[in-house]
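To start, the structure under review is shown below, and the notes come after it.
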Amino acid sequence: MPQPLLLTEDLTVDLGEVRIVDRLSFQLEAGRTLGVVGESGCGKSMTALAVMGLVPTPSRLGGRMVFEGRGLLGMPEPERRTLRGRRMAMIFQEPMTALNPVVPVGVQIAEMLVVHDGMPPAEAERHAVGLLDRVGIAAPDQRAKAYPHELSGGMRQRVMIAIAIACRPALLIADEPTTALDVSVQAQILDLLLELQRDEGMAMLFISHNLGVISEMADEIMVMYAGRAVERGPAQEVLLRPGHPYTRGLIATIPDPERRQAVLPVIAGNVPDLRFRTPGCAFAPRCGAAVAACADGVPALRPLAPAHEVACIRAEVAA
Ligand SMILES: Nc1ncnc2c1ncn2[C@@H]1O[C@H](COP(=O)(O)OP(=O)(O)O)[C@@H](O)[C@H]1O
Ligand code: SF4
Ligand SMILES: [Mg+2]
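Read in order, the letters of the sequence shown are residues 2 to 320 in our numbering.
Laid out in structure tokens, this is it:
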């Protein structure tokens with residue numbers, strides 16, 4: 002068995018008294034994509050920030066996280082900072098918040114190479130133009146001189162991707178990278194990410210609330226609900242034979258291009274308030290298959306098929 006690039010075991014993130022991420026275990030092999038899906042508030046971003054070492058303070062992390070064979074929890078901040086940028090990088094939903102508004106984008110890309118790779122500034126700026134070209138920006142030598150506000154949303158996201166891949170990280174975390182973009186631009190950015198991943202051999206932790214987008218990107222899928230993994234497995238397996246009622250609900254909300262639906266179906270009810278956790282299955286209040294036993298304890302993940310696990314006591318019956 003090759004060692005996974007990234008492994009978490011019983012990862013928890015607590016903010017004050019509130020458990021945001023609860024005993025989350027997953028693995029990501031080099032060059033593969035793990036798609037993390039769930040409605041807003043399920044703890045996807047917090048999981049990504051935990052991997053990056055960027056959780057808001059004060060928060061407490063528990064469990065185990067191993068990246069390239071090194072434990073991440075308790076790693077001194079200078080080492081962590083070196084990993085970020087060099088070995089792992091992240092892109093966000095809204096690039097404007099991550100870009101510096103008063104620095105030309107070419108210089109911002111070059112800074113990565115100067116800081117992390119020790120490249121001389123002039124060479125780094127030349128290299129930055131090449132990266133802009135690489136992420137599909139036309140007239141890259143001119144665009145390198147532009148400020149973020151002079152670019153479209155799609156172009157800003159391309160700049161963020163250029164910054165993220167500048168030092169050729171082994172892991173790219175993409176947290177809702179296309180959610181703020183028009184549908185046509187969205188498809189272009191997803192294509193770009195797939196192409197870069199293929200060419201660079203990066204692994205990707207790809208996060209979205211949209212299972213339709215996840216299905217185009219992921220090799221494996223992990224479905225999160227209330228900070229927990231409720232289903233995970235090979236993408237096709239999860240999409241074609243979902244075992245968890247929540248996953249089936251998410252699948253039902255994927256727009257069908259054949260039928261022009263005026264109103265998209267949604268899963269009735271709301272995500273739970275994490276401050277008031279109940280002892281049983283967190284999905285129970287919204288679950289059509291719920292029975293009294295669902296309140297007895299948090300259902301553990303158990304195998305439904307090889308490499309396909311579901312945390313529902315009625316997975317076989319409910320399917
Ligand atoms: N800085 C914060 N302070 C307090 N609670 C937070 C903070 N960030 C996120 N949360 C809470 O953590 C939970 C998970 O958030 P998040 O990871 O952003 O979810 P997702 O990315 O799946 O939408 C939510 O209930 C949210 O309210
Ligand atoms: S454990 Fe019960 S409430 Fe939870 S998803 Fe399964 S059937 Fe529904
Ligand atoms: Mg989020």
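Ideal Cβ positions, reconstructed from N, Cα and C, are used throughout, including at glycine.
Same chain, Cβ closer than 6 Å to residue i, neighbours up to 5 away in sequence not counted
i: Phe27; result: Thr9 and Met223
i: Leu302; result: Glu310 and Ala312
i: Arg87; result: His117 and Cys168
i: Gly32; result: Gly202 and Ala204
i: Phe93; result: Ala99 and Asp176
i: Thr34; result: Met205, Phe207, Met218, Ala219 and Asp220
i: Gln237; result: none
i: Ser216; result: Leu240
Residue range of the unbroken beta strand (DSSP E) whose run includes residue i
i: Met321; result: Outside the shown range of the chain, which is 2 to 320, sits residue 321, and nothing can be said about it.
i: His309; result: His309 to Val311
i: Ser60; result: Ser60 to Phe68
i: Gly36; result: Thr34 to Val38
i: Ala306; result: Arg303 to Ala306
Residue i, enclosing alpha helix (DSSP H) - first and last residue
i: Leu133; result: Pro122 to Arg135
i: Glu238; result: Ala236 to Leu241
i: Pro273; result: Here Pro273 belongs to no alpha helix (DSSP H), and DSSP marks it neither H nor E.
i: Ile110; result: Val106 to Asp118
i: Asp257; result: Run containing Asp257: none; DSSP gives neither H nor E here.
i: Arg144; result: Pro141 to Arg144
Proximal residues to residue i (C-beta, below 7 Å), its chain only, five neighbours per side dropped
i: Ile314; result: Ala294, Cys295 and Pro300
i: Ala320; result: Low per-residue confidence applies at Ala320: pLDDT is 49, beneath 50, and the placement is therefore not dependable enough to give any value.
i: Lys146; result: Pro105 and Gly107
i: Glu1; result: Past the boundaries of the shown model lies residue 1; the chain is included only from 2 to 320, so the question cannot be answered.
i: Val136; result: Arg159, Ile162, Ala163 and Leu193
i: Ser60; result: Val14, Asp15 and Leu16
i: His150; result: Pro102
i: Asp134; result: Pro141
i: Arg85; result: Met53 and Gly54
i: Asp23; result: Thr13, Gly228 and Arg229
i: Leu305; result: Gly244, Val311 and Ala316
Same chain only: Cβ atoms within 8 Å of residue i, ignoring 5 sequence neighbours per side
i: Val19; result: Leu275 and Arg276
i: Gln4; result: Gly70
i: Glu30; result: Pro3, Pro5, Leu6 and Ala204
i: Glu95; result: Ala181
Residue i in three-state terms, based on DSSP
i: Phe27; result: strand
i: Met47; result: helix
i: Thr83; result: helix
i: His150; result: helix
i: Asp209; result: One point to set straight first is that residue 209 is Ser, not Asp, in the sequence displayed. In the structure shown, Ser209 sits in a strand (DSSP, three-state: E or B).
i: Pro246; result: helix
i: Leu73; result: coil
i: Gly173; result: It should be noted that the sequence gives Leu, not Gly, for residue 173. Strand at Leu173.
i: Ala181; result: coil
i: Ile92; result: strand
i: Leu6; result: coil
i: Arg233; result: strand
i: Asp192; result: helix
i: Ser216; result: helix
i: Arg315; result: coil
i: Val186; result: helix
i: Pro280; result: coil
i: Ala290; result: coil
i: Ala320; result: Bear in mind that a pLDDT of 49 at Ala320, under 50, signals an unreliable position, so the number given afterwards is only what the model happens to contain. Coil.
i: Ile138; result: coil
i: Pro300; result: coil
Cross-strand partners of residue i (DSSP beta bridge)
i: Ala97; result: Going by the sequence as given, residue 97 is Met instead of Ala. According to DSSP, Met97 bridges with nothing at all.
i: Arg20; result: Asp15
i: Ala204; result: Leu172
Cβ-heavy atom distance, residue i to ligand 1, below 7 Å
i: Met205; result: no
i: Leu35; result: no
i: Pro178; result: no
i: Ser209; result: no
i: Ser41; result: yes
i: Leu16; result: yes
i: Leu251; result: no
i: Ile215; result: no
i: Pro170; result: no
Residue i: CB within 7 Å of a non-hydrogen atom of ligand 3
i: Lys45; result: yes
Any non-hydrogen atom of ligand 2 within 7 Å of residue i CB
i: Ala293; result: no
i: Arg315; result: yes
i: Pro300; result: yes
i: His245; result: yes
i: Ala285; result: yes
Below-8 Å beta-carbon distance, residue i vs any chain D residue
i: Glu112; result: This model lacks chain D altogether; it includes just one protein chain.
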